[in-house]
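I have placed the structure first, in the form of structure tokens, so that the comments after it can refer back to it.
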Amino acid sequence: MATNKDGKMFASSLDAMFNDLTPDEIFPYAPPQGIEELRDLWQQKMLRDNPELSIDNMSLPIVTNALTHGLSLVGDLFVNQGDTILLPEHNWGNYKLVFNTRNGANLQTYPIFDKDGHYTTDSLVEALQSYNKDKVIMILNYPNNPTGYTPTHKEVTTIVDAIKALADKGTKVIAVVDDAYYGLFYEDVYTQSLFTALSNLNSNAILPVRFRWCNKRIFRMGIPCWIYDIWNV
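First residue of the sequence shown: 1, per the numbering used here; consecutive thereafter.
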């Protein structure tokens, strides 16, 4: 960045477009990991939303350019060509674009609804029990896109226990927790993130990675939810 004796150089026409911000707040490069104050505030919000989550079991959140960018970072960091991505049959199409097309991983799906249309964890448990490779990347997206389903406390326990059992057999599990629609809760569901339940396992073989949009609620879920989120941040 160009500077002179007065500090950073900038065009006065650009500076005039902003009201009360200083040049140091406008023109420098943004921190690649996100503004530190925002990261701290978001971590505090995560802890409020997830009372069973310990700050000792998580790192400081980073800010990405939307959720797909976060998925791409996970792909670049942890996914090798030929790896297995385990995810529900009902899933967001960008998972295939990022992990299969971009990273060369293989997608393995399982049903989350039985023939009568009821949610079931049976197929996931069976897939994990029969899995025999040394690494798996799991996509855990609840509320599920596109169905909107959120698991109950009992169903979350079943999911987490099955993941732990696989890790205990020696498989390294990267659990991608996509919480894009976190907060769409109704009666008798698990109202914390699966990230919390997985983090509390304290397993060296399980790496939970959580994603959440901070602006999703105003655009997709309505103004009242947005006001609630902003008030609580």
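From the three backbone atoms N, C-alpha and C, an ideal C-beta is built for every residue, glycine too.
According to DSSP, what are the bridge partners of residue i?
| i | result |
| --- | --- |
| Ala175 | Met138 and Pro208 |
| Gln108 | Leu86 |
| Thr3 | Lys8 |
| Lys99 | It is worth fixing the name first, because residue 99 is Phe in this sequence and not Lys. Paired residue(s): none; Phe99 is not in a bridge. |
| Tyr119 | Phe113 |
For residue i, is the classification buried or exposed, using 16 other Cβ atoms within 10 angstroms of its Cβ as the cut-off for buried?
| i | result |
| --- | --- |
| Pro146 | exposed |
| Asn19 | exposed |
| Ile112 | buried |
| Phe240 | Nothing can be reported for residue 240: it is not among the residues displayed for the chain, which extend from 1 to 233. |
| Ile26 | exposed |
| Gly93 | exposed |
Name the residue from the options whose alpha carbon lies nearest to the alpha carbon of residue i.
| i | options | result |
| --- | --- | --- |
| Leu71 | Tyr110, Leu21, Ala180 and Leu166 | Ala180 |
| Val176 | Phe99, Asp188 and Met1 | Phe99 |
| Gly34 | Glu52, Ala197 and Ala66 | Ala66 |
| Pro151 | Asn204, Leu198, Tyr29 and Phe185 | Phe185 |
| Val136 | Asp161, Ala105 and Val156 | Ala105 |
| Tyr190 | Trp42, Met138, Pro143 and Lys96 | Pro143 |
| Leu53 | Val79, Leu198, Cys214 and Trp213 | Leu198 |
Going by the CB atoms, is the gap between residue j and residue i shorter than 8 Å?
| i | j | result |
| --- | --- | --- |
| Pro23 | Gly7 | yes |
| Ser193 | Asn57 | no |
| Tyr131 | Thr171 | yes |
| Lys164 | Leu201 | yes |
| Lys5 | Thr84 | no |
| Phe166 | Leu128 | Note that residue 166 is Leu in the sequence shown, not Phe. Yes, they are a contact pair. |
| Asp168 | Phe211 | no |
Roughly how many angstroms lie between the CA atoms of residue i and residue j, to the nearest whole one?
| i | j | result |
| --- | --- | --- |
| Tyr236 | Leu124 | Absent from the structure is residue 236, since the part of the chain shown begins at 1 and ends at 233. |
| Arg48 | Ile206 | 23 Å |
| His90 | Gln108 | 12 Å |
| Leu60 | Gln44 | 10 Å |
| Glu37 | Val63 | 11 Å |
| Ala2 | Arg39 | 28 Å |
| Tyr110 | Asp122 | 9 Å |
| Val156 | Leu140 | 11 Å |
| Val209 | Thr158 | 19 Å |
| Ala162 | Glu126 | 9 Å |
| Thr101 | Thr68 | 14 Å |
| Lys115 | Met17 | 58 Å |
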